[in-house]
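**Student:** Can you read through this structure? Questions will come right after.
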Amino acid sequence: MFTLFRSLKIVLQQLLKGKLDNNLETVKLPLRVMPWDCDLNLHINNGRYLSILDLARTQLYMATGVLSLLMGRDRWGSVVVSAHIVYRRSIDIFVKYDIASRFIARTDKFLIVEHQFIVKGEIAVLCYVSVAFTDKNGIVETDRFINDIGLSTLKLDEHSEDLSSYIKTNESFIDIMKQQGKL
Numbered sequence: 092m093f094t095l096f097r098s099l100k101i102v103l104q105q106l107l108k109g110k111l112d113n114n115l116e117t118v119k120l121p122l123r124v125m126p127w128d129c130d131l132n133l134h135i136n137n138g139r140y141l142s143i144l145d146l147a148r149t150q151l152y153m154a155t156g157v158l159s160l161l162m163g164r165d166r167w168g169s170v171v172v173s174a175h176i177v178y179r180r181s182i183d184i185f186v187k188y189d190i191a192s193r194f195i196a197r198t199d200k201f202l203i204v205e206h207q208f209i210v211k212g213e214i215a216v217l218c219y220v221s222v223a224f225t226d227k228n229g230i231v232e233t234d235r236f237i238n239d240i241g242l243s244t245l246k247l248d249e250h251s252e253d254l255s256s257y258i259k260t261n262e263s264f265i266d267i268m269k270q271q272g273k274l
């Protein structure tokens, strides 16, 4: 329920801000830790981070025009394929923080979004999320839409060492699941 109210607020705020000039820019979402975000230690619950990141990606999709692609005549979907999250420090109740989100890379099937939870100018939590776009036939290859959303400068196979490691880990997990008959 609380996520719904935050979602509406973010949508309205982003409608007023409009689209980015450069879709590789970072979008910042200012938030505050509320009691419903917390566990018994009175900091953001580890499971809540992923829900909050859904809100940040919605804002990113609106700011970059991805949302209009998803809502277009082909009615594509967006699904999170994997997430790698590193918690450097907890974010306590009522603390203000920003989520900085941006597209940082792509593979043939996924866009990779970097999310940073920033408290007082310091990264408290870092997360890489692989996102796939789907249509009625399954996953849409990134070559089909990358130009339409202004991300053509994200090149295949041009990744930093840490991103390459993340991508290889994802591929390994997918291979294991296929071998086990789970995919």
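Converting from the sequence shown to the working numbering requires adding 91 to each position, the first position being numbered 1.
The beta-carbon is built from N, C-alpha and C at its ideal position, and this holds for glycine as well.
#1: Using the DSSP secondary-structure output, state which residues sit across from Leu120 in a beta bridge.
#2: In its own chain, which residues sit with a C-beta less than 7 Å from the C-beta of Val210, not counting the 5 before and 5 after it?
#3: Counting pairs of beta carbons, one from the stretch 166–177 and one from the stretch 110–117, are three or more of them closer than 8 Å?
#4: Rounded to whole angstroms, what is the Cα-Cα separation between Tyr219 and Thr244?
#5: Check whether the stretch 214–231 and the stretch 157–168 touch, using three or more Cβ-Cβ pairs below 8 Å as the test.
#6: Is DSSP giving Arg197 helix, strand or coil here?
#7: In whole angstroms, what is the alpha-carbon distance linking Met268 and Leu107?
#8: Where are the beta strand (DSSP E) runs, 3 residues long or more, that stay fully inside the stretch 107–189, in chain order?
#9: Suppose you measure from the CA of Ser256 to the CA of His250; what does that come to, to the nearest Å?
#10: For Ile176 and Val216, I'd like the C-alpha separation in whole angstroms.
#11: Look at His206 and Ala154 and say whether their C-beta atoms are less than 7 Å apart.
#12: The alpha helix (DSSP H) with Leu254 in it runs from where to where?
#13: Considering only the alpha carbon of each residue, which of Lys273, Ile195, Leu95 lies closest to Glu252?
#14: Just the C-alpha distance for His134 and Arg180, rounded to the nearest angstrom, thanks.
#15: Give a yes or no on whether the minimum CB-CB distance between Gly168 and chain C is below 7 Å.
#16: Express the C-alpha separation of Ile184 and Leu131 in angstroms, rounding to a whole number.
#17: Is the distance from the Cβ of Thr260 to the Cβ of Ala191 below 7 Å?
#18: How far does the beta strand (DSSP E) with Leu217 in it extend, from its first residue to its last?
#19: My understanding is that Asn136 touches Cys129, with C-beta atoms under 8 Å, so please give their C-beta distance in whole angstroms.
**Tutor:** The answer reads as follows:
#1: DSSP lists Ile190 as the bridge partner or partners of Leu120.
#2: So the qualifying residues of the chain are Ile182, Val186, Tyr188.
#3: The answer is no - the stretch 110–117 does not touch the stretch 166–177, with fewer than three Cβ pairs under 8 Å.
#4: Each residue's alpha carbon lies about 19 Å from the other.
#5: Flag = yes, the stretch 214–231 and the stretch 157–168 touch.
#6: In the structure shown, Arg197 falls within a strand segment according to DSSP collapsed to helix, strand and coil.
#7: Using only the alpha carbons, I get a separation of about 43 Å.
#8: List check, beta strand (DSSP E) in window: 118–123, 168–178.
#9: Those two C-alpha atoms are separated by around 9 Å.
#10: The straight-line gap separating the alpha-carbon atoms of Ile176 and Val216 is approximately 7 Å.
#11: Cβ distance not < 7 Å, so His206 and Ala154 don't count as in contact.
#12: Taken as a continuous stretch (DSSP letters only), the alpha helix (DSSP H) holding Leu254 covers 252–270.
#13: It is Ile195.
#14: Taking the straight line joining both Cα atoms gives about 10 Å.
#15: Checking the listed chains, one finds no chain C in this structure; it contains a single protein chain.
#16: Distance between the alpha carbons of Leu131 and Ile184 is about 11 Å.
#17: When the beta-carbon positions are compared, Thr260 and Ala191 stay at least 7 Å from each other.
#18: Going by DSSP, Leu217 is part of the beta strand (DSSP E) stretching over 213–226.
#19: Going by Cβ atoms, the distance from Asn136 to Cys129 rounds to 6 Å, so yes, they are a contact pair.
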